[in-house]
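Shown next, in structure tokens, is the structure this report addresses.
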Amino acid sequence: MYTPKPEHKFTFGLWTVGNVGRDPFGAPVREGLSPVQLVHLLAEVGAYGVNFHDNDLVPIDATPAERDKIVAEFKKALDDTGIVVPMATTNLFYDPVFRDGAFTSNDPKVRAYALQKTMRAMDLGAELGAKVYVFWGGREGVESDATKNPVDAIKRMREALNFLCEYNLAQGYGYKFALEAKPNEPRSDIYFPTTGAMLGFIATLDHPEMVGVNPEVAHEHMAGLNFMHAVAQAWEAGKLFHIDLNDQKFNRYDQDFRFGAENIKAAFFLVKFLEDVGYDGSRHFDAHAYRTSDIEDVKAFALGCMRTYLILKEKARQFNEDEEIQALLAEINADDGSMDAFTGPYTADKAAALKAYTFDRTAMGKRGLPYEKLDQLVVELLLGVR
Ligand code: GLT
Ligand code: MN
Ligand code: MN
């Protein structure tokens with residue numbers, strides 16, 4: 069019942085199961101597996117797809133001949149396993165050239181190089197079948213506001229995305245672009261720090277219909293925000309093009325823990341939301357195993373992400389079928405229709421009638437709201453005693 073299958077659309081990045089456990093205080097602890105080995109590992113644990121940055125697959129200094137050989141071997145691994153590539157992205161943060169950003173760098177040469185690198189990476193992703201293209205601007209920020217004008221940064225980012233939307237159209241790639249926000253790390257402050265900020269920015273682009281978001285659990289939790297609310301806003305705006313699932317303690321560094329490892333209740337409401345609305349994109353796990361893990365434990369990590377998702381999906385089904393919970397929801401949302409005359413689209417008559425109406429404010433303020441009871445039912449459902 070909790071066995072991952074391709075129809076669940078579980079995906080991982082090469083950089084996630086391939087993470088070697090390097091951190092700012094310590095060297096790698098695991099051997100790096102090749103992209104081909106990682107595809108086989110993902111097939112073994114039951115994933116549907118693999119995503120990558122250009123340089124997860126093709127080293128930044130590879131010659132065209134080396135690139136073609138790597139791509140051919142990777143394609144063969146995909147064919148052998150049935151693993152697909154739904155999403156691709158560009159590494160615009162690792163190389164020293166990007167130390168002050170890519171599209172928002174103060175150096176026009178760096179900005180142009182970032183565009184060139186992204187077009188080439190879009191070619192690579194399209195060649196392997198990717199339909200979603202993620203933009204995570206990890207270095208698009210500052211340590212000191214003396215160094216960059218934030219309005220210039222916004223304008224530079226807009227110019228780059230408009231350029232790349234046109235390239236997408238000109239090549240006929242049909243990509244949907246998904247912008248991923250993060251508040252900080254590796255920069256002290258990163259521009260467009262939340263999913264909400266990205267949504268506001270998208271509306272200012274030349275092709276807003278082509279661009280949506282890729283919200284990540286951990287990134288909103290770093291900022292102490294309710295992730296599901298950000299996802300709901302993106303969904304309601306028709307902008308939930310991709311999602312990065314993982315977990316972490318609130319207000320900490322970017323931990324990228326296994327999905328559901330820290331905040332089970334938040335993970336439950338997230339899965340319930342995605343399943344209830346019928347989100348049909350990838351369930352991408354942008355997480356990595358603890359630094360203490362060996363390769364067997366990395367597999368346990370990957371399987372754990374997917375199993376937790378499926379268990380929470382089953383819990384969401386139970387929630388929707390639980391008579392006591394549904395009765396409480398019906399009570400909470402009861403509507404006797406007495407306000408219908410006032411609500412909905414504005415008319416002058418409605419406004420006049422509403423202004424003249426007398427409310428029993430005291431009674432309204434005393435109405436019982438059984439939210440403790442309802443929440444406890446959720447807790448008991450999650451703890452497995454219902
Ligand atoms: C990096 C980052 C992630 C992004 C990846 C895509 S790379 O691991 O922390 O949140 O989604 O660029
Ligand atoms: Mn992260
Ligand atoms: Mn991410």
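Using the numbering used here, the letters of the sequence shown map in sequence onto residues 69 to 454.
Heads up, the beta-carbon is just placed ideally off N, CA and C, and yes, glycines get one too.
Just so you know, these numbers come straight off a predicted model, no measurement behind them.
Which of helix, strand or coil DSSP assigns to residue i
i      : result
Met69  : coil
Met155 : strand
Phe161 : coil
Asn119 : strand
Asp213 : coil
Phe325 : strand
Ala91  : Per the sequence presented here, residue 91 reads as Asp, with Ala not at that position. It is a strand residue.
Leu293 : coil
Thr411 : coil
His275 : coil
Thr186 : helix
Phe387 : helix
Ile128 : coil
Thr172 : coil
Gly86  : coil
Lys199 : coil
Asp362 : coil
Leu378 : helix
Gly242 : coil
Gly372 : helix
Ala402 : coil
Arg426 : Here the sequence assigns Thr to residue 426, which means Arg is not the residue at that position. Of the three classes helix, strand and coil, the one that applies to Thr426 here is coil, per DSSP.
Arg98  : coil
Cys331 : Sequence check: residue 331 is Asn here, not Cys. Correct three-state label for Asn331: coil.
Val299 : helix
Closer than 7 Å: residue i CB and nearest ligand 2 heavy atom
i      : result
Asp403 : no
Asn252 : no
Asp315 : no
Ala286 : yes
Asp354 : yes
Asp322 : yes
Closer than 7 Å: residue i CB and nearest ligand 3 heavy atom
i      : result
Asp122 : no
Trp83  : no
Trp303 : no
DSSP beta-bridge partners of residue i
i      : result
Leu437 : Paired residues: none, contrary to the question.
Glu248 : Trp204
Phe353 : Phe80, Leu313
Leu308 : Val281
Ile258 : Gly209
Whole-Å CB distance - residue i paired with residue j, under 8 Å assumed
i      : j      : result
Gly209 : Ser256 : 7 Å
Gly197 : Val153 : 5 Å
Leu106 : Val85  : 6 Å
Thr79  : His352 : 5 Å
Proximity test, residue i beta-carbon vs ligand 1 heavy atom, cut-off 7 Å
i      : result
Glu248 : yes
Gly240 : no
Asp312 : yes
Thr157 : yes
Gly306 : no
Val88  : no
Val118 : no
Gly328 : no
Val202 : yes
Gly206 : yes
Neighbour flag for residue i against chain B, beta carbons, 8 Å
i      : result
Ala334 : Absence of chain B from the displayed structure is noted, only one protein chain being present.
Problem set entry | Segment contact, 8 Å Cβ cut-off, at least three pairs: the segment 291 to 306 with the segment 363 to 373 | Inter-segment contact for the segment 291 to 306 and the segment 363 to 373 is absent: fewer than three beta-carbon pairs are separated by less than 8 Å.
For this session: Report yes or no: do three or more beta-carbon pairs, one from the segment 282 to 291 and one from the segment 158 to 174, lie closer than 8 Å?
Result: no
Exercise. So, do the segment 107 to 122 and the segment 380 to 390 have three or more beta carbon pairs nearer to each other than 8 Å?
Worked result: no
Exercise. On the three-pair Cβ rule with 8 Å, is the segment 347 to 358 touching the segment 387 to 397?
Worked result: no
For this session: Evaluate contact between the segment 178 to 190 and the segment 158 to 167, counting only Cβ atoms and requiring at least three cross-stretch pairs below 8 Å.
Result: Flag = yes, the segment 178 to 190 and the segment 158 to 167 touch.
Exercise. Is it a yes or a no for the segment 102 to 112 touching the segment 139 to 156, going by three-plus beta-carbon pairs under 8 Å?
Worked result: yes
Exercise. Are the segment 121 to 141 and the segment 95 to 105 in contact at 8 Å, needing three or more beta carbon pairs?
Worked result: With a cut-off of 8 Å, the segment 95 to 105 and the segment 121 to 141 count as touching, because enough Cβ pairs lie within range.
For this session: Answer yes if the segment 227 to 239 comes into contact with the segment 259 to 278, meaning at least three C-beta pairs across the two stretches below 8 Å, and no otherwise.
Result: yes
Problem set entry | the segment 232 to 251 in contact with the segment 308 to 317 per 3-pair CB rule at 8 Å | yes
Exercise. Taking three-plus beta-carbon pairs below 8 Å as touching, is the segment 311 to 327 in contact with the segment 335 to 349?
Worked result: yes
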